[in-house]
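The next block holds one structure in the form of structure tokens; read it before the comments.
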């Protein structure tokens, strides 16, 4: 099952990892991005979005071939 937060980024499976991170950054509230104490949580969120993107790409690859 795909992460609903990742689905809300509305990215194509062909998007680059950089595009995924940029969309994830824009998805966060500006106050969340500004708090230094939440840095590890933000990094964890970005990694989760990248993992969801890789899983979606893998699912699309197996459904094609």
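In the numbering used here, the protein residues as written are 15 to 79.
Using N, Cα and C, we set each Cβ at its ideal position, and we do this for glycine too.
Fair warning: this is a prediction, and the values are worked out from it, not measured in the lab.
Quick one: give me the first and last residue of the alpha helix (DSSP H) that residue 46 is part of.
Residue 46 -> alpha helix (DSSP H) spans 44-48.
Taking one C-beta from the region 29-40 and one from the region 55-67 each time, how about it: are there three or more such pairs within less than 8 angstroms?
Enough Cβ pairs lie closer than 8 angstroms, so yes.
Is DSSP giving residue 74 helix, strand or coil here?
helix
Could I get the ranges of all uninterrupted alpha helix (DSSP H) runs contained in the region 24-69, with 4 residues as the minimum, in chain order?
31-41 and 44-48
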